[in-house]
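Contents: one structure, followed by commentary.
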Amino acid sequence: KCKTPDDLNNSSVMVLDILSGKVSPVPNSMAWVDVVDVARAHIAAYEHPEAGGRRFLCAADEVPTWTEVSGWLKEIGPSCPVVVDAPAAGEGARMTMDCSALKSLSGFTFKPLKETLRAQAESLVDLGFVGKL
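Take 5 as the starting number for the sequence shown in the numbering used here and just add one per residue.
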């Protein structure tokens with residue numbers, strides 16, 4: 005169990021910083037994936053011999069801008085001091101990912117990113133790093 009925020013992984017720290025109002029959205033985007041989906045992707049690759057020797061991108065279907073992530077976290081934690089203002093330069097570049105090779109393995113699907121963010125926020129509350137959502 006994490007005792008301090010210093011014990012968190014990078015993505016959890018990013019979510020904590022947004023929920024705590026420590027950071028404002030920046031003009032770019034980032035691919036996200038739920039750790040359960042990563043585990044499921046490994047299992048799918050193991051169970052399908054045709055996956056042997058291939059590389060698979062593993063990222064949630066949405067690749068949101070930081071402004072969108074901040075907005076979703078504000079919806080999840082309306083009492084948190086989330087900064088949702090768009091960055092001065094606009095939303096910037098949106099990254100795209102093609103995970104179709106992974107999805108072709110027995111119809112692999114990703115958990116919706118909003119569900120992942122909600123679970124991560126609730127975990128931060130349970131750890132005592134964030135107050136009420």
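Note that the Cβ used here is the ideal one computed from N, Cα and C, for glycine as well.
C-beta contact flag for residue i and residue j at 8 Å
i, j, result
"Gln124", "Ser16", "yes"
"Ala49", "Phe60", "yes"
Cβ neighbours of residue i in the same chain (closer than 6 Å, five flanking residues each side left out)
i, result
"Cys84", "Leu23"
"Gly81", "Leu23, Ala125 and Leu137"
Contact set for residue i: own chain, Cβ-Cβ below 7 Å, skip 5 residues either direction
i, result
"Trp76", "Lys118 and Leu121"
Burial state of residue i, where buried means 16 or more other Cβ atoms lie within 10 Å
i, result
"Thr8", "exposed"
"Thr69", "buried"
Distance, residue j Cα to residue i Cα
i, j, result
"Gly135", "Asp10", "17 Å"
"Ala64", "Asp130", "24 Å"
"Val19", "Ile47", "27 Å"
"Cys103", "His52", "16 Å"
"Gly132", "Lys107", "36 Å"
"Gly56", "Lys5", "35 Å"
Helix, strand or coil at residue i according to DSSP, with G and I counted as helix
i, result
"Ser33", "strand"
"Pro100", "It should be noted that the sequence gives Thr, not Pro, for residue 100. In this structure, Thr100 counts as coil in the three-state DSSP scheme."
"Thr113", "coil"
"Thr8", "coil"
Contact with chain D by residue i, beta-carbon distance below 8 Å
i, result
"Glu51", "Judged by its chain identifiers, the structure shown contains no chain D, having just a single protein chain."
Own chain, CB closer than 8 Å to residue i, minus 5 neighbours either side, in chain order
i, result
"Lys115", "Asp38, Val40, Asp41 and Ala64"
"Met99", "Asn32, Ser33, Met34, Ala35 and Val67"
"Val88", "Pro29, Thr71, Ser74, Gly75 and Lys78"
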